[in-house]
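Asks: Residue numbers (the UniProt record's numbering): 1 to 109. Note that the Cβ used here is the ideal one computed from N, Cα and C, for glycine as well.
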């Protein structure tokens, strides 16, 4: 599924199930909350913190999908074409960072 299709699916879901979009500030707060949930799983599962019993059943993919859902909502309500924006960003990063990362001694192992 393309980003454009994902944005459309989220828009359809909001219109059919969610009544309306939350305002942008509410969605920004929700995004922060969802990113925090991802950070908690990563820190405890892959980092040095011990994983609590209550966190062991958390699905990282589901939490990442929550982040994507809110990002798609924010894109829709601000008129942002994420597919176009992502393609542009990837091109910028490709031109700017290709040699930088290849020449980074810290990345050579």
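Does residue 43 pass the burial test, meaning 16 or more other C-beta atoms within 10 Å, or should it be called exposed?
Replies: exposed
Asks: State whether the region 66-85 contacts the region 29-37, with contact taken as three or more CB pairs (one from each stretch) at a distance under 8 angstroms.
Replies: yes
Asks: Distance, Cα to Cα, residue 29 vs residue 99?
Replies: Approximately 36 angstroms, taken between the alpha carbons.
Asks: How would you call residue 19, buried or exposed, if buried means at least 16 neighbouring beta carbons within 10 angstroms?
Replies: exposed
Asks: So for residue 47, helix, strand or coil by DSSP?
Replies: coil
Asks: Are there 16 or more other CB atoms within 10 angstroms of the CB of residue 72, so buried, or fewer, so exposed?
Replies: buried
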